[in-house]
Every structure is written in C-alpha cells, then in structure tokens.
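Presented below is the structure to which this report refers.
In full-length UniProt numbering, the protein residues as written are 1 to 240.
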C-alpha cells in the first residue's frame, strides 16, 4: 500500500489487503511521514471521512456509504459534537480519540504493502494545499498521476531508455508497465510507465504538473513540437 523507508505519497494495490483501518478507509491514498524500520511501522496522513452530524447521534448505520473525504473541520466538529469534543494540542487536534494535523488524520500502522503505486489526480488534489507535506512530494505525486492518464490505444512517446524518442501506441497496460507497438516497426516492447508520455493531440485532456497552474486540468488546443497551448476551464482561458 505504502512507500517505505522514504517519505512519499502512495496508495493501496488490492482490496483484500489494504491499510487495516476499517472499511471506511479502503482504497485510501496516504502520505507517508515516517517509517520505523525496527518496529516496521509507518506514520501516515490520510484524508478523513467524517460525518459530524451522524457522529453526534451515534455510530454510522450499516449499509450507509462512507462519508466523502474532506479535511477535518474543527468548527463542524464542535457544532455537532460540542465544544469539549475537540482538544487543542499546539498544531494538532484530538477528536474522538483520533489525532488530526493540518486537517489530515494522523495514523500509525504495521499493515501495508511496500510497493508504491500510481495515484489519480483527484487523490493527489486532496493533499495539494498542505502546509506540512513537502512541495516536492506533491509534484512527484502529480507526475505519477499523469502516468495513469494513458490508456490502451493511446499514441505515446518514449522519453528514457534505449528507445528514447520513439513513438508508438499502447497495446496493453499493467500497474507499472505498458506494451507499446513501436510506430512503423513490427515490434512490441514492454516499457515502464514512468518512461512514457502521451503523444499529445488537439483535444486531449492534460494535467498540469508544474508551474503556477500546477494541478489544473485543461484541453490541448494547439501543439508546437514539445510546447502545448491548453484551455483551462477553471480559468476560462488559454495558457501556454
């Protein structure tokens, strides 16, 4: 589920062996703050799933969908569960015996996978405005999220390795690699996803992974070599 030995952003791989945090946090992306190799314990941040109104009435009924992930809201917690329900501890908050920092639920667990996987842009966006998570970790997450935006049939460019610069089309995908049919050649090769970039065409949807517009989604309106002009709906304008 998680990266180990180094801090980073990662998420689980299979539903049957995710973080052992209860079904509410199945498929949850986590930021790894620390790894204790001696105890084999990771300290992580996850985006909490809390419905304060339901908490004030008791446990969540069986069969009810898990709450939408959102940062901890101290005002809502006190409003529905009382002023005394939140204990202030410097930069952290204790609520219902759970510790929150920077709005994230802080947890320690021994049950995790040691393989890093590729998150989605939506998952990464939940961590973008954190004051605690290093910016380079967010950038790395966005770069990895961009890998998931390729699908079977997409035209791609190989950006590293012996076939750097070659163009092709994706024939099949796994979690970490793609089988690519090289353009104008009767050969298909297995390429790591991090060595691929989509060969952009007008109309393609893209995720900005750097600069002032980092994290925004847009659509390609023109292509000039390696330079793209995109339309960002959130800004209602075209940018380079």
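All C-beta atoms in this analysis are idealised placements derived from N, C-alpha and C, irrespective of residue type, glycine included.
Residue environment for residue 202: exposed (fewer than 16 other C-beta atoms within 10 angstroms of its C-beta). Secondary structure note for residue 212: it is in no beta strand (DSSP E), with a DSSP letter that is neither H nor E. Boundaries of the beta strand (DSSP E) around residue 182: 177-182. Per the Cβ contact rule, the region 153-173 is in contact with the region 184-199 (3 or more Cβ pairs under 8 Å). For residue 121, the uninterrupted alpha helix (DSSP H) segment begins and ends at 121-125. CA-to-CA, the gap between residue 28 and residue 46 works out to about 7 Å.
The region 119-128 makes contact with the region 202-222: 3 or more CB pairs, one atom from each, lie closer than 8 Å. Under DSSP, residue 87 takes part in a beta bridge, and its partners are 94. Taking all protein chains shown into account, residue 84 has fewer than 16 neighbouring C-beta atoms within 10 Å of its C-beta and is therefore exposed. For residue 218, the beta-bridge partners assigned by DSSP are 206, 232. With a contact defined as Cβ atoms closer than 8 Å, residue 67 and residue 96 miss out at about 13 Å. When secondary structure is reduced to three states using DSSP, residue 82 falls in the coil class, being assigned neither helix nor strand. For residue 74, the secondary structure class from DSSP, reduced to helix, strand or coil, is helix.
Annotated three-state conformation of residue 168 is strand, per DSSP. Assignment of residue 136 by DSSP, reduced to helix, strand and coil, places it in the helix class. Judged by DSSP in its simplified three-state form, residue 185 adopts coil rather than helix or strand. Distances from the alpha-carbon of residue 33 to those of 78, 82, 98, 109 put 109 closest.
Take the alpha-carbon of residue 223 and the one of residue 72: they are about 42 Å apart.
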